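Take a look at the structure set out below.
Protein chains: 2
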Amino acid sequence: MTTENREEKEETCRVQGLLKLLSGKWKPELFHLATLAPLRFNSLMRRLKGINKQSLATALRELEDAELLEKSVISEKPLHIEYQLTEKGKSLIPVFQQLEKIM
Amino acid sequence: MTTENREEKEETCRVQGLLKLLSGKWKPELFHLATLAPLRFNSLMRRLKGINKQSLATALRELEDAELLEKSVISEKPLHIEYQLTEKGKSLIPVFQQLEKIM
DNA sequence: GCAATAAGTCAGAAAAAAATGACTACGGAA
DNA sequence: TTCCGTAGTCATTTTTTTCTGACTTATTGC
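From first to last, the protein sequence lines are chains D and V.
Counting in our numbering, the first sequence runs from 2 upward without gaps.
Counting in our numbering, the second sequence runs from 2 upward without gaps.
Encoded structure:
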């Protein structure tokens, strides 16, 4: 069996979607912040230095659509919205920790 | 301590570089193929359907620069080049396996 | 009622990533 | 010496992503 032949067992990469979802200029850090505490839009605008509303809104929506984050309306003094990790989102935390060890 | 206050312990995301490296249109699948067997340029051109030389060359160089892949000249019949995972590259395999479970 | 805070949307511009097509360089076979 | 396979590079175009600035909607404080 030559090295060339060994390459035959083709199979599409299933990780692609998740990597695409978590990549880009802001999403890795956004996800990381989400692992620490619930998040609010304007707070994120301040903490992700240099981001703009459009990009933040898009990133949040994509993570929400993928069910890694969920949105909830908090009925406190200034009525506001919080984003937090779903169970699926939390299941990614150990993966991130492993990645940190490798780098 | 309010939810807002809890967000204060800022810390940059260390995973960003690796996610950036492994994302993009072709790199996840390229890396995945690399986990299966050593790879050659023209074989990859055929297997990554729709890719072009430029993009493949760039992806390979980036993974090589990050020391996830290494290049070696094989002195066989038609002298050629093989790309294979480094030890650092191999350490990513279990991470990918974990990601696959989550999806 | 008027301004401020909170959480956005939208259209267009700029920047970054990916694709195209032509070209290069080397070794081996005919 | 000419052609083929292998492994690319380079300049330019196209596509995708990100940014900018103006505008929106709802709630709250004065």
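Every residue gets a Cβ at the ideal spot worked out from N, C-alpha and C, and that includes glycine.
Keep in mind the model is a prediction, meaning the values are calculated, not measured.
What residues of chain V sit near residue i, judged by a beta carbon separation below 9 Å?
i               : result
M104 of chain D : R15, V16, G18, L19
E89 of chain D  : Before going on, a small fix: residue 89 of chain D reads as Lys here, not Glu. Per Cβ cutoff of 9 Å: I103.
Label residue i either buried or exposed according to how many other C-beta atoms from any shown protein chain fall within 10 Å of its C-beta, with 16 as the threshold for buried.
i              : result
K78 of chain V : exposed
G18 of chain V : exposed
S44 of chain D : buried
K54 of chain D : exposed
E68 of chain V : exposed
E30 of chain V : buried
G51 of chain V : exposed
E11 of chain V : With a pLDDT of only 30 at E11 of chain V, under 50, the local geometry of the prediction cannot be trusted, and the value read off the model is given with reservation. The residue is exposed, with fewer than 16 neighbouring Cβ atoms inside 10 Å.
When you compare the CB positions of residue i and residue j, do they come within less than 8 Å of one another, or not?
i               : j              : result
L70 of chain V  : T36 of chain V : no
L34 of chain D  : L23 of chain V : no
L61 of chain V  : Y84 of chain V : yes
V96 of chain D  : L93 of chain V : no
E65 of chain V  : K72 of chain V : yes
I82 of chain V  : R15 of chain V : no
I103 of chain D : K91 of chain V : no
What does DSSP give as the partner residue(s) for residue i in the beta ladder?
i              : result
H81 of chain V : V:I75
L86 of chain D : D:L70
L40 of chain V : V:Y84
Which residues in chain V have a C-beta closer than 7 Å to the C-beta of residue i? List them in chain order.
i              : result
K54 of chain D : The contacting residues do not exist; K54 of chain D stays about 18 Å from chain V at best.
F97 of chain D : V16
Output, in chain order, the set of chain D residues within a Cβ distance shorter than 9 Å of residue i.
i              : result
P79 of chain V : Near P79 of chain V there are no residues of chain D at all, since even the closest Cβ is about 10 Å away, more than 9 Å.
L57 of chain V : By Cβ distance, chain D contributes nothing, its closest Cβ being about 15 Å from L57 of chain V, past 9 Å.
Could you work out which residues of chain V lie near residue i, taking near to mean beta carbons separated by less than 8 Å?
i              : result
L70 of chain D : Correct list: empty, because the minimum Cβ distance to chain V is about 15 Å.
L64 of chain D : Within chain V, no residue comes near L64 of chain D; the closest Cβ sits about 14 Å away, beyond 8 Å.
Using the beta-carbon of each residue, which ones in chain D are nearer than 8 Å to residue i?
i              : result
L61 of chain V : None at all; the shortest Cβ gap to chain D is about 15 Å.
S24 of chain V : L20, K21, L23, S24, G25
Cβ closer than 7 Å: which chain D residues qualify as neighbours of residue i?
i              : result
S92 of chain V : I103
L49 of chain V : The contacting residues do not exist; L49 of chain V stays about 10 Å from chain D at best.
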